[in-house]
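Asker: Let me give you the structure first, and then I'll get to my questions.
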Amino acid sequence: MKKKSLVLLLALAMIFTFALSACGGGGSSEESSDAGEETAVLKVVTEATFAPFESTEDGDDTIIGFDPDMMAAIAEDQGLELEWVNMEFDSLIPALQSDQGDIICAGMNKLAGDRAEKVDFGDTYFESDLMLLVTSDSDLTGIDAVTSDMKLASQIGTTGGDMVQEMQDEGKIAAGVVLNQWTDCYLQLQNGDVQGVIVDKPVGEAYLNAHSDIAKFVGDSFGDHEEFAFAVQKGNTELLDKLNAGLAELKENGTYEELVAKWFS
Ligand code: GLN
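So this is what it looks like as structure tokens:
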């Protein structure tokens, strides 16, 4: 009798174990197993027309820039596995809220609006301000010189995008044109469809490095000073602590400075 109940117990234990592993875990991360070790592959969501933070090169979907390099170094330091997903900027926070992403890394200002009520931001990894980009033949002297017959462009869902819409609502400009990609904003500027683009200073500088013959900054920076940070799903303290620890280590061991020199020199 005893032998029978032991066999039954073993069979039940095997069925239970199988059922458990077949269910798998929740969340957006996929499992990757290597020598039996389960490492969740974490999805980093971004909008990759924001060079030199993140961009893609013609015909290649690989995302390059300061952010991918920084996150790769953090992942190595903290034993994380990452995969990058490119999407529109205003889809980034909803992606984390709907468990379609684990981390936002996109030059996102952690101080803006109600973002911090929806996701949890990490420590600041870059600081920035907004600037007005115009064509090189423009007579504009700065954001305060913009007149109500003009149109300004910026990217939808961003601090610049919110600003051009606000200026339109206040009648300061004829139209605040919000577009999905920064590259479209630059194109509309060069086509004369808009008279200026409100853009993050380091990103506008990267554009000017390659286009100083057709564009320029005018006036001083404006708007709220920005602090860029990565973000995780609300409440994911464990992951956020790892990302913050990794960033602190990069700043400590000189990797952060090397990446700044590589992408912003
Ligand atoms: N820094 C701006 C913001 O947080 C723009 C970010 C971006 O376009 N990637 O809204």
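Numbered according to my numbering, the sequence shown spans residues 8 to 272. Virtual Cβ for every residue (Gly too), placed ideally from N, Cα, C. On a predicted model such as this, the values are computed, not experimentally measured, just so you know.
#1: Specify the secondary structure class of G33 as computed by DSSP and reduced to three states.
#2: Tell me which residue opens and which closes the beta strand (DSSP E) that Q162 is part of.
#3: Which residue marks the beginning of the beta strand (DSSP E) containing M138, and which one marks its end?
#4: Rounded to whole angstroms, what's the CA-CA distance from T244 to L49? Just pull it up for me.
#5: Could you pull out every residue in the same chain whose Cβ sits closer than 6 Å to the Cβ of W270, ignoring the five residues on either side in sequence?
#6: Taking only three categories from DSSP, how would you classify D41?
#7: For K249, tell me which candidate among F57, L87, S62 has the shortest Cα-Cα distance.
#8: For the candidate residues S272, D169, I81, G199, whose alpha-carbon lies nearest to that of C112?
#9: In whole angstroms, give me the CA-to-CA distance for D84 and V51.
#10: Express the C-alpha separation of G129 and S28 in angstroms, rounding to a whole number.
#11: Below 7 Å between beta carbons: does that hold for N198 and I163?
#12: Secondary structure at S145, three-state DSSP: helix, strand or coil?
#13: Taking only the alpha-carbon atoms, compute the straight-line gap between E256 and F237 and give it to the nearest angstrom.
#14: At the level of alpha carbons, what is the spacing between C30 and E90?
#15: Considering only the alpha carbon of each residue, which of K125, Q195, T262, F57 lies closest to G211?
#16: Taking the alpha-carbon of M115 as reference, which of S145, A181, K223, A55 has the nearest alpha-carbon?
#17: May I ask whether a heavy atom of the ligand GLN can be found less than 6 Å away from the beta carbon of Q188?
#18: Taking 8 Å as the threshold, find out whether the stretch 143–155 comes into contact with the stretch 219–237 through three or more Cβ pairs.
#19: Using three-state DSSP, classify F240 as helix, strand or coil.
#20: What's the gap between the Cα of S161 and the Cα of T142?
#21: Where DSSP assigns a beta bridge to L186, which residues make up the other side?
#22: Using C-beta distances below 6 Å, list every residue in its chain close to A268, excluding the 5 sequence neighbours before and after it, in chain order.
#23: What residue range does the alpha helix (DSSP H) around L99 cover?
#24: Identify the continuous alpha helix (DSSP H) that holds A268 and give its terminal residues.
Answerer: Checking against the coordinates, here is how it stands:
#1: In this predicted model, G33 has a pLDDT of only 40, less than 50, meaning its place in the structure is not dependable enough to derive any value.
#2: That run of the beta strand (DSSP E) goes 158–162.
#3: 133–142 is the extent of the beta strand (DSSP E) around M138.
#4: Rounded to whole angstroms, the separation of the alpha carbons of L49 and T244 is 15 Å.
#5: Around W270: P59, F73.
#6: Low per-residue confidence applies at D41: pLDDT is 49, beneath 50, and the placement is therefore not dependable, though the value from the model is reported in the following sentence. Strand at D41.
#7: Comparing alpha carbon positions, the residue from F57, L87, S62 closest to K249 is L87.
#8: Checked all of S272, D169, I81, G199; the closest Cα to C112 is I81.
#9: So the alpha carbons of these two residues sit roughly 17 Å apart.
#10: Note that S28 scores 45 on pLDDT, short of 50, meaning its location in the model is unreliable; the coordinates nonetheless yield the value given after this. Distance between S28 and G129, taken at the CA atoms: about 32 Å.
#11: For N198 and I163, no; Cβs fall outside 7 Å.
#12: In the structure shown, S145 sits in coil (DSSP, three-state: anything other than H, G, I, E or B).
#13: Between E256 and F237, the C-alpha separation is close to 16 Å.
#14: In this predicted model, C30 has a pLDDT of only 42, less than 50, meaning its place in the structure is not dependable enough to derive any value.
#15: The option with the nearest alpha carbon to G211 is F57.
#16: Among S145, A181, K223, A55, the Cα nearest to that of M115 belongs to A55.
#17: No, Cβ of Q188 sits at least 6 Å from all heavy atoms of the ligand GLN.
#18: Output reads yes: the stretch 219–237 touches the stretch 143–155.
#19: Note on residue identity: the sequence assigns Gln, not Phe, to residue 240. DSSP places Q240 in the strand class (E or B) of the three-state scheme.
#20: When rounded, the distance between both Cα atoms is 15 Å.
#21: In DSSP, L186 forms a bridge with Q162.
#22: Sequence-distant partners of A268 (beyond 5 residues in either direction) whose C-beta falls short of 6 Å from its own C-beta are missing from its chain.
#23: Taken as a continuous stretch (DSSP letters only), the alpha helix (DSSP H) holding L99 covers 99–104.
#24: From DSSP, the alpha helix (DSSP H) with A268 extends over 262–271.
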